[in-house]
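Undergrad: By my numbering, the letter at position 264 of the first sequence is numbered 1241, and the numbering carries on one by one without gaps.
Backbone N, C-alpha and C fix where the C-beta goes; we use that ideal spot for every residue, glycine too.
Keep in mind it's a predicted model, so treat the numbers as computed, not measured.
Below are the structure tokens for one structure; questions will follow.
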Amino acid sequence: MSLKVYNTLTGKKEEFIPLNKDGKKVNMYVCGVTVYDDCHIGHARGALTFDIIRNYLKYKGYDVKYVRNITDIDDKIIERSNELNIPWYDLVGKYIVEYYKDMAALGIKKADMEPKATEHIKKDIVGLVSQLIDKGYAYEVDGDVYFEVRKFEGYGKLSGRRPDDMLSGARIAVDERKRDPLDFALWKSSKPGEPSWDSPWGKGRPGWHIECSAMSMSYLGESFDIHGGGKDLIFPHHENEIAQSEAATGKPFVKYWLHNGFVQVDKEKMSKSLGNFFTIKDILKKYPAEVVRFFLLSTHYRNPIDFSDARLEEARKNLEGFCILMNTLKRQLESVSITPLSEVEYTIKNLRGEKSDDESDWHTPDFSNEKNFLKQIEGCRKNFEVAMDDDFNTAEAIGYLNKLRTQINRFNVSKTNPLVDKNTLLKEAIDILKKLGKILGLFEEKKAVLPIPEEEINSLLDKRNKARENKDWVTADAVRKKLDTLGIILEDRAGGTIWRVKS
RNA sequence: GGCGGCAUAGCCAAGUGGCUAAGGCAGAGGUCUGCAAAACCUUUAUUCCCCGGUUCGAGUCCGGGUGCCGCCUCCA
């Protein structure tokens, strides 16, 4: 099975073949956040998308090196620190902490490296800008350095624009000092009081785009496999990165460009400027992290996804089904010893035998249910991978997790052949479900927060069970009602009453 | 103005030329249950925005139209 990814550069799904000769090393760079405010759910989507892509690449056996930057100096940061009247580095420090808190709360793992722009100014950025000037791709005016877009053949190849088409509709006020309106800043001279770093062109700070070129190449080399980010970065950010990087090295910068779609509110892009954003912190006050992940993953990463409580509620309910199943089977399996799977498979194969596979032959034991179940769970696993292989189609993959869930429940309540240990097959299925869920960061074991101590729950259960023995339904129902208001749901099963925490 | 994307059931959402159009949520009926919960079973799109075309065959490809959205300024 081969992995296919949609490459913005070619506008097509392509088979994923890493640059590295041995074919197992993958280098990936993703544009992270600018730290001047709390992250919203849109930032979470980008981070989650590439976290899952990294997970799946690893699952496929790739050795992934993942770099995700933090932009810790730019105009917005300066602007905001002036508004708040605090030093820019305090603002940045605060929001880096908040960023890490939010990501951790969502269960999004860190990248292997998380470099900051300011840590690479002397080391990489100044050098790269100098190199571009030396090669004639950039020019200095009054302490600013601009990249000369017309000098770079192929400008516009990522976003599908031609430089000549872009002039007419340009909405920006043209800076007279630039040789061409499309030229963009590699280095910006600083005004008095602004944060600044020394450079051959005087005190200043890097332009936005150059940090990503400098840092990605510093960690991953001049050419690497995957570069990701939100769709809004295609132009100008990523277009400019390509121009700078390829002009400097003369080599192809990135093989696969991956871009995630936006989170929307009422069909409009969620953004700071529209003010229609929901912060990760606010959402996590209302819904568990796993619900938020499930919601985000239930739509393909390139498509827009509309954010609403109704959608989160749907995700919550679907996910609850998985949680109940996990819980049920955990209880069911922990108290019994389980026959090894190989033994069960041996039994099925040998008692029936190859020649008596005819189900109508009643002389031999009928394992059709067991065999079918094994076939079904294997089919779900396979289809999950096929879905993920198709440009990380998590929405389709979740469909197969649901199918697997139904199969497990169905098998669990079905009549099975007493010659084999049913629990062995159930455990096998649950293990697969957990393993696949792990790729998406779902179904992780987490300690449920109990509203009241467990002993108290048990004593209430005892009270209720005694009442039930005496057919005192009024008392029994009162106990259930009480636990329900505390957030504990009771289920009277054949093997006794079990309880769970409301999600 | 330039470039790009999307339109599938009540809602959400897969599906990129070919068996009966995944899956979830909601709804209806049933089994189980003291009642519930959970689970299971049955059921809910002769049809994929509209009009043409290509093809033995199209939700899927091509042309045109309508509607919505994004990028071209900071943006995940």
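With a threshold of 7 Å (Cβ to nearest heavy atom), would residue 1230 be considered close to the ligand FMN?
TA: Here there are no bound small molecules, and the ligand FMN is not part of this structure.
Undergrad: Whole angstroms is fine: what's the gap from residue 1166's alpha carbon to residue 1130's?
TA: Numbered from 1 along the first sequence, position 189 holds the residue referred to as residue 1166. Numbered from 1 along the first sequence, position 153 holds the residue referred to as residue 1130. Near 27 Å, if we compare the C-alpha coordinates of residue 1130 and residue 1166.
Undergrad: What's the gap between the Cα of residue 1086 and the Cα of residue 1080?
TA: By one-based count along the first sequence, residue 1086 stands at place 109. By one-based count along the first sequence, residue 1080 stands at place 103. C-alpha separation (whole angstroms): 7 Å.
Undergrad: Assess contact between the segment 1197-1204 and the segment 995-1002, defined as three or more Cβ pairs (one per stretch) separated by less than 8 Å. Is contact present?
TA: Yes, the segment 1197-1204 touches the segment 995-1002.
Undergrad: Measure the C-alpha to C-alpha separation of residue 1058 and residue 1096 and round it to an integer number of angstroms.
TA: Position 81 of the first sequence, counting from 1, holds the residue named residue 1058. Position 119 of the first sequence, counting from 1, holds the residue named residue 1096. Their backbone Cα atoms lie some 19 Å apart in a straight line.
Undergrad: Express the C-alpha separation of residue 1462 and residue 1288 in angstroms, rounding to a whole number.
TA: Against the first sequence, residue 1288 aligns to sequence position 311. Against the first sequence, residue 1462 aligns to sequence position 485. If you take the alpha carbons of residue 1288 and residue 1462, they lie about 25 Å apart.
Undergrad: For residue 1272 and residue 1009, what's the separation of their Cα atoms in angstroms?
TA: Reading the first sequence from its first residue, position 295 is the one you call residue 1272. Reading the first sequence from its first residue, position 32 is the one you call residue 1009. Each residue's Cα considered, the two are about 21 Å apart.
Undergrad: Going by beta-carbon coordinates alone, are residue 1069 and residue 1012 separated by less than 8 Å?
TA: The sequence position of residue 1069 within the first sequence is 92, counting from 1. The sequence position of residue 1012 within the first sequence is 35, counting from 1. Cβ distance < 8 Å, so residue 1069 and residue 1012 count as in contact.
Undergrad: Quick check on the burial criterion: 16 or more other C-beta atoms within 10 angstroms. Buried or exposed for residue 1391?
TA: Counting from 1 along the first sequence, the entry for residue 1391 is found at position 414. The residue in question, residue 1391, is exposed, as its Cβ has fewer than 16 Cβ neighbours within 10 Å.
Undergrad: Contact check, residue 1248 vs residue 1254 under 8 Å by CB: the rounded distance?
TA: Locating residue 1248 in the first sequence gives position 271, where the first residue counts as 1. Locating residue 1254 in the first sequence gives position 277, where the first residue counts as 1. Rounded, the Cβ-Cβ distance is 7 Å, consistent with contact.
Undergrad: Do you know how far the Cα of residue 1386 is from the Cα of residue 987?
TA: By one-based count along the first sequence, residue 987 stands at place 10. By one-based count along the first sequence, residue 1386 stands at place 409. For residue 987 and residue 1386, the distance between alpha carbons rounds to 44 Å.
Undergrad: Along the chain, where does the alpha helix (DSSP H) containing residue 1154 start, and where does it finish?
TA: In the first sequence, residue 1154 corresponds to position 177, counting from 1. Note, residue 1154: premise wrong, no alpha helix (DSSP H); not H, not E.
Undergrad: Using DSSP's beta-bridge definition, name the partner residues of residue 1166.
TA: Residue numbering aside, residue 1166 sits at position 189 when the first sequence is read from its first letter. 1181.
Undergrad: Which residues does DSSP pair with residue 1466 in a beta bridge?
TA: Taking the first sequence and counting its residues from 1, one reaches residue 1466 at position 489. Paired residue(s): 1477.
Undergrad: Given a cut-off of 8 Å, decide if residue 1420 and residue 1403 are closer than it, judged by their beta-carbon atoms.
TA: As a first step, residue 1403 must be located in the first sequence, where it is residue number 426. As a first step, residue 1420 must be located in the first sequence, where it is residue number 443. Against a cut-off of 8 Å, the Cβ pair of residue 1420 and residue 1403 comes out as no contact.
Undergrad: Taking 8 Å as the cut-off, decide whether the C-beta atoms of residue 1282 and residue 1269 are in contact.
TA: To locate residue 1282, count along the first sequence from 1; it is residue 305. To locate residue 1269, count along the first sequence from 1; it is residue 292. Their beta carbons are not under 8 Å apart, which means residue 1282 does not touch residue 1269 by this criterion.
Undergrad: Taking the C-alpha atoms as reference points, what is the distance between residue 1320 and residue 1476?
TA: As a position in the first sequence, residue 1320 is number 343, starting the count at 1. As a position in the first sequence, residue 1476 is number 499, starting the count at 1. When rounded, the distance between both Cα atoms is 33 Å.
Undergrad: Starting from residue 1325, follow its DSSP beta bridges and name the residues at the other end.
TA: Here residue 1325 is taken as the residue at index 348 of the first sequence, counted from 1. Residue 1325 pairs with nothing; no bridge assigned.
Undergrad: How is residue 1129 classed by DSSP in three states: helix, strand or coil?
TA: Here residue 1129 is taken as the residue at index 152 of the first sequence, counted from 1. Looking at residue 1129 - three-state DSSP - the assignment turns out to be coil, as it is neither helix nor strand.
Undergrad: Return helix, strand or coil for residue 1134, following the three-state DSSP convention.
TA: As a first step, residue 1134 is located in the first sequence; it is residue number 157 there, counting from the start. If DSSP states are grouped into helix, strand and coil, residue 1134 belongs with coil.
Undergrad: Return the chain-ordered list of same chain residues with a C-beta closer than 7 Å to the C-beta of residue 1159, the five sequence neighbours on each side being excluded.
TA: Along the first sequence, read from residue 1 onward, the residue named residue 1159 stands at position 182. Once the five neighbours on either side are set aside, the close Cβ partners of residue 1159 are 1126, 1140, 1143.
Undergrad: Note down, in chain order, each residue of its chain lying with its Cβ closer than 7 Å to the Cβ of residue 1393, except the 5 sequence neighbours on either side.
TA: Taking the first residue of the first sequence as position 1, residue 1393 is located at position 416. 1346, 1347, 1399.
Undergrad: Examine the Cβ distances between the segment 1428-1446 and the segment 1464-1480 and report whether three or more of them are shorter than 8 Å.
TA: In short, these stretches touch, since the Cβ pair count reaches three.
Undergrad: Note down the Cα distance separating residue 1274 from residue 1177, rounded to an integer number of angstroms.
TA: Walking along the first sequence from the start, residue 1274 turns up at place 297. Walking along the first sequence from the start, residue 1177 turns up at place 200. Going from the Cα of residue 1274 to the Cα of residue 1177 covers about 47 Å.
Undergrad: Take the Cβ of residue 1060 as the centre, count every other Cβ of all protein chains shown within 10 Å, and call the residue buried at 16 or more, exposed below.
TA: Residue mapping note: residue 1060 aligns to position 83 of the first sequence, counting from 1. When all chains shown are included, residue 1060 counts as exposed.
Undergrad: Could you tell me the distance, in whole angstroms, from the CA atom of residue 1023 to the CA atom of residue 1207?
TA: Position 46 of the first sequence, counting from 1, holds the residue named residue 1023. Position 230 of the first sequence, counting from 1, holds the residue named residue 1207. Distance between the alpha carbons of residue 1023 and residue 1207: 6 Å.
Undergrad: CB-CB under 7 Å to residue 1173, same chain, minus the five flanking residues each way: which ones, in chain order?
TA: Translated into positions along the first sequence, residue 1173 becomes position 196. Excluding residues within five positions, the ones whose Cβ falls inside 7 Å are 1167, 1180, 1181, 1182.
Undergrad: Taking all protein chains shown into account, decide if residue 1243 is buried (16 or more other Cβ within 10 angstroms of its Cβ) or exposed.
TA: One-based indexing of the first sequence puts residue 1243 at position 266. Exposed: under 16 other Cβ atoms inside 10 Å.
Undergrad: Can you tell me whether residue 1251 is buried or exposed, with buried defined as 16 or more other CB within 10 angstroms of its CB?
TA: Against the first sequence, residue 1251 aligns to sequence position 274. So residue 1251 ends up on the exposed side.
Undergrad: Considering just the uninterrupted stretch of the beta strand (DSSP E) at residue 1003, what are its terminal residues?
TA: What you label residue 1003 is simply residue 26 of the first sequence in a count that begins at 1. Start and end: 1002-1007.
Undergrad: Thinking C-alpha only, which one of 1434, 1042, 1236 is nearest residue 1457?
TA: One-based indexing of the first sequence puts residue 1457 at position 480. Comparing Cα-Cα distances from residue 1457 to each of 1434, 1042, 1236, the minimum goes to 1434.
Undergrad: Alpha carbon to alpha carbon, how far is residue 983 from residue 991? Give it in angstroms, no decimals.
TA: In the first sequence, counting from the first residue as 1, residue 991 sits at position 14. In the first sequence, counting from the first residue as 1, residue 983 sits at position 6. Approximately 6 Å, taken between the alpha carbons.
Undergrad: If you draw a straight line from the alpha carbon of residue 1229 to that of residue 1050, how long is it in whole angstroms?
TA: On the first sequence, position 252 is the one that residue 1229 refers to. On the first sequence, position 73 is the one that residue 1050 refers to. Those two C-alpha atoms are separated by around 27 Å.
Undergrad: Leaving out the 5 sequence neighbours to the left and right, which residues in its chain are closer than 6 Å to residue 1094 when beta-carbon positions are compared?
TA: Taking the first sequence and counting its residues from 1, one reaches residue 1094 at position 117. 1048, 1049, 1050, 1188, listed in sequence order.
Undergrad: Determine whether the beta carbon atoms of residue 1324 and residue 1396 lie at a separation below 8 Å.
TA: Numbered from 1 along the first sequence, position 347 holds the residue referred to as residue 1324. Numbered from 1 along the first sequence, position 419 holds the residue referred to as residue 1396. Yes, they are a contact pair.
Undergrad: Quick one: is residue 1293 buried, meaning 16 or more other Cβ sit within 10 Å of its Cβ, or exposed?
TA: Here residue 1293 corresponds to residue number 316 of the first sequence, with the count starting at 1. Answer is buried; the Cβ neighbour count reaches 16.
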